[in-house]
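And the structure:
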């Protein structure tokens, strides 16, 4: 951490500030220029907050030199992390496709989707039981009943399931879920992050719509801080000014996660654009950029889906897209999980 | 809702879509142009979701004509709403200043802050017990103990309190809190919104960092949908590309809320910039634009605050700012709540 | 400028880099921590470019400590600059309202607008002769003929004029224009900035839609670098995610310009929202925040304006708004220019 | 174009508005709902401006149904456009790599770069003679001398050249340049767009930092409107909130251009991130998403480049990246131009 002091700062106040840092166990490098005094803080600066230091009147600027995240930082864990779930490996070259409908609607629907996406080559079944909706008047999901139907689909097909949690109160309901998804709007729901940190479940952490990579990795750090190291990151489109699509895939998230963290990252090309004709080109970009997997919406009847139909592939379209995905994963030397 | 169909759409599919709308109790106006067919949907369209309609292959575009929010919409409730809390009125010309430290730290601190902001003219004491922090390694607040200290400060000074809730599980702890704040990062924590909707507490709903006005008002609609109509909106800065400030006050939020909703809106000039030298000019702009109040961070010793010191005024600075605020509220013809 | 080096950097490469800085006449403060080496560069760092330094493989991060702008920086020119044009003062408490139609359309129209805005209290006539339009099929302005009509309106009313330049080739046409406006889309048209820097005309420099304050002030620095110090800054709304308005007034620009620069700043509440019902509340906020003036669209017949009618006040509405503006400028202790 | 009228609008005013549209040669579909009246305008609506229509007091909302661009619209030109320059084809499966230094610095440098990028497989030499720089104190390019050196490099190597124009006044200087680049900051420099529209040179049009796809395509439409149909689009990163990279590649631009336009689109992975370690992963994503080419910064000595060194590959790194690009272009079935 670098602290730039204001010109002509009162000596006594500067000493007070330096004492504060020393008290925190930090070492200080002191640089006196013609009109600028700079303090370089060495040691564990992750506990420091820029805003707190700025509160000292003598401080003009504060700049982090090292990342504020530790446990998820590649610097301290150079090897790729592999998450193992239900016999599938995720990360480090192991490539997974998670697919299924936006919402679970009934047994026939979810089982048909599960069978078809499995046959096409997906390794996980996704489906929403609890649905975050912008409007209180929209369909909110089948909730607990939806979880039961997902588990039934798992029983019938053997596909492990990934589904979203929306409340700390529901954790018990997710006991048999294979991967718990934390949605984009809850990326900084810190209480839920802490609760998930205390569980041992694999977590699919979706990036917030306007979150920076640092904030995204700090959310993962929250889960690690609670003791749970099974975190899969998911980029699902950020908010930009573009009007032709609902969100906008941040493809740079893939190489940036690979540089700064050891965690696997998968891409959601369905939410990333909000239109099904973008799923294939964005999936291709994601694989080429180095993503560890994809999570794709596929529905037996998108026009009658109870939500997000615009971005869902029908099951035949999904078959076609999967063939293309497999060919590309092979080209990249990834191992497709069955 | 307007639905633009693709050129040369299959007749049968169009009829299927029209049947779907008729089944939902909507009336359809049908416009056939040279190469475009447009459906105008009349009736209660708040249950419709653009994405769901886009799922029909014959649909090219969907455009809302009326706002998706009803209960908070000024069209259906033309008079300004006044929220009454602890003898104070908020909205419709009644102006409130809520002030206090970012975090409750100990009894002496919170009581001193309460006494001083009350003396200066604040009508509510603010203070954080549960603190949303980007890093798990930062101070997370005194939690339940912090709430007790706030209530003690209220007992000693008579100032009603406003403080942030971060979990559905904590609602009981907030039984004696006067206004429950829902933070920006939880603006779309739909489960918590629903829970607060079922309570009868006044809610201070902070706008998310990248939320549109429609999303902001839809979050308020969630609380209304549960039966709780005591909602105070709070604009606290949005994320822009500006680097000199942490967030950026969206001053347009004030007149837009006044046009589209009947709810009161207050401004948080402390978080809106993240630097204390911006609090006064932004407060002035907020009052002039028509805000119903301000929520300001004031701390007895900002340099040693346990969080967000950079944006906190010290108590003498707060005195000065309050004198200016009073003079301006009077100029605008507002009634300052004591 | 602070340069953070990578861990375990090759000594020889570090020395090469340090030699490079020394060759540029900079002094270096050298801080060696446990695992980080930091160089603090002292001297005139405005010629340094972060990207160039990052090119050295040993460099991990570069951070400016001082602003890259000098001539427009308040640090080196603490007093407010006052621009004098046609007998009007702008800045340092002297408040100006510039008003008129989006486009000059014909003599009767521009003269009527000029007479009426003058009578209402405007000190400058604004009007577009060259119009930047998103579409090549939209009305592009009367061009040279429009400039003649503006000058005719000036002759008849005595109001000095402000109008936009779009090409270096047109500078001669602007010889009798009082203030030359550089539009938002040309804020980083560096050739035009240089050309205007070589003239001695007062320049109204509009901020780009997504420009940071630093970029905005650097554009002003370009004009200063050419020798022209008559620059008036203008904030006219930035691009945000909000859909209810076309642009979004960045009210923070006013206090930030006042802190970091000595130049006057005026606000354009018409473009800042793109809807006329926002002009009055935004004007109020601008005055309260400390703006040095306003530039407002007023048209004799907005519904038949050849562009931007949605944001134009009609002349009666302008009268009403001006009365409110005068009362507020007086409250703030500003001197209204007639 | 759809025009939604306000409730209870005055009949006479509505008729006036309808007359206005009829006078413009448009046909009107009229839909009367319970409380909403909607006008559907049919015919050539590209000359209509939303703001102008909004100026009518009876209008509540305006929504385009068809794109405002015609000449560049795929609807009216379904086949991919192929641009032919100096014996190279661009678009429709023909893949080009343009490479070279940020700035031309001297003959030895530019010739070495040209020879090496040609040997590696680039089909065009890029290099800046006129440089848009944020600071007036940064190196501004060798200007006319730089153009001469580029032409000399072309003479010695046979590589056609692409370089940026910054002023209408310079067009004559670019007579022998093969492709004229229009930079991101000038994307809406409408006078320069018109001037380039009157020339017959191939134009590489770079997308503005915050431009929407519609604005980007409208800029191309300006060039077409002048008669020049040789336009190559270039996505070079947009501004987002991410701090780890300077700009952020909008990968969706590739499939969106392919859907909405017939023009070729190439990607600039160097500017898109501003760091050289991102060039390879972003190039891979671009090829997979369907881009028609890449423009890459490669310099013989990035650490001593006079600008943008941080994002330049050295010539050996470029060799490596090119091998990877060729393998991937082949996998996609593209034809690499030599």
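Protein chains in written order, with the UniProt record's numbering: chain A, 1 to 338; chain B, 1 to 338; chain C, 1 to 338; chain D, 1 to 338. We treat Cβ as the ideally placed atom computed from N, Cα and C, and that holds for glycine.
Proximal chain D residues relative to residue i, where beta-carbon distance stays under 8 Å
| i | result |
| --- | --- |
| residue 210/A | 241 |
| residue 46/B | Correct list: empty, because the minimum Cβ distance to chain D is about 14 Å. |
| residue 36/B | 40, 42, 65, 66 |
| residue 255/A | 277, 278, 281, 282 |
Contacts that residue i makes with chain A (C-beta to C-beta distance below 8 Å)
| i | result |
| --- | --- |
| residue 248/D | 250, 252 |
| residue 123/C | By Cβ distance, chain A contributes nothing, its closest Cβ being about 35 Å from residue 123/C, past 8 Å. |
Euclidean distance between Cα positions of residue i and residue j
| i | j | result |
| --- | --- | --- |
| residue 71/A | residue 174/A | 26 Å |
| residue 339/B | residue 231/B | Any question about residue 339/B goes unanswered here, given that chain B covers just 1 to 338. |
| residue 88/B | residue 338/B | 8 Å |
| residue 339/B | residue 18/B | The question about residue 339/B has no answer, for chain B in this structure spans 1 to 338. |
| residue 182/C | residue 191/D | 13 Å |
| residue 3/C | residue 306/D | 18 Å |
| residue 140/D | residue 310/B | 39 Å |
| residue 199/D | residue 233/D | 17 Å |
| residue 259/B | residue 329/B | 21 Å |
| residue 95/C | residue 334/C | 6 Å |
| residue 256/A | residue 223/D | 37 Å |
| residue 186/B | residue 164/B | 10 Å |
| residue 216/C | residue 155/B | 50 Å |
| residue 299/C | residue 143/A | 56 Å |
| residue 92/A | residue 99/A | 21 Å |
| residue 15/B | residue 249/D | 42 Å |
| residue 170/A | residue 212/D | 41 Å |
| residue 122/C | residue 5/D | 34 Å |
| residue 247/D | residue 283/D | 15 Å |
Supposed close pair residue i, residue j - CB separation, criterion 8 Å
| i | j | result |
| --- | --- | --- |
| residue 196/A | residue 180/A | 7 Å |
| residue 236/D | residue 272/D | 6 Å |
| residue 245/A | residue 274/A | 6 Å |
| residue 1/C | residue 36/C | So it is not a contact: roughly 16 Å between Cβ atoms. |
| residue 117/A | residue 318/A | 6 Å |
| residue 220/D | residue 205/D | 6 Å |
| residue 103/B | residue 131/B | 6 Å |
Residues that residue i contacts on chain A, provided the C-beta gap is smaller than 7 Å
| i | result |
| --- | --- |
| residue 4/C | 65 |
| residue 31/C | 29, 31, 40 |
| residue 273/D | 252 |
7 Å Cβ cut-off: residues of chain C touching residue i
| i | result |
| --- | --- |
| residue 191/D | 166, 167 |
| residue 420/A | A query on residue 420/A cannot be resolved here, the shown segment of chain A reaching from 1 to 338 and no further. |
Under 7 Å from the C-beta of residue i: neighbouring residues of chain D
| i | result |
| --- | --- |
| residue 134/C | 215, 218 |
| residue 186/C | 189 |
Cross-chain neighbours of residue i in chain B, by beta carbon under 7 Å
| i | result |
| --- | --- |
| residue 233/C | Per Cβ cutoff of 7 Å: no residues; residue 233/C is ~15 Å from chain B at best. |
Contact set between residue i and chain E, taken where Cβ atoms lie within less than 7 Å
| i | result |
| --- | --- |
| residue 284/A | The question asks about chain E, but that chain is absent: this structure's protein chains are A, B, C and D. |
Interface partners of residue i on chain B, CB under 8 Å
| i | result |
| --- | --- |
| residue 138/A | 47, 49 |
Under 9 Å from the C-beta of residue i: neighbouring residues of chain C
| i | result |
| --- | --- |
| residue 221/D | 135, 136, 137 |
| residue 142/B | Under the 9 Å cutoff, chain C gives no residues; its nearest Cβ is about 32 Å from residue 142/B. |
Exercise for review: Taking only beta carbons into account, state which residues of the region 154 to 178 of chain D come closer than 9 Å to chain C, listed in chain order.
Suggested key: 166, 167, 168, 169, 170
Check your understanding: Which parts of the region 38 to 104 of chain A are runs of the beta strand (DSSP E), unbroken and 3 residues or longer, counting only runs that do not cross its ends?
Key -> 59 to 63, 83 to 85, 88 to 90, 94 to 100
Point to revise | Within 8 Å of chain B by C-beta, residues of the region 309 to 330 of chain A in sequence order | key: 309, 310, 311, 312
Review point. Which full runs of the alpha helix (DSSP H) of 4+ residues lie inside the region 257 to 321 of chain B, going along the chain?
Key: 279 to 289
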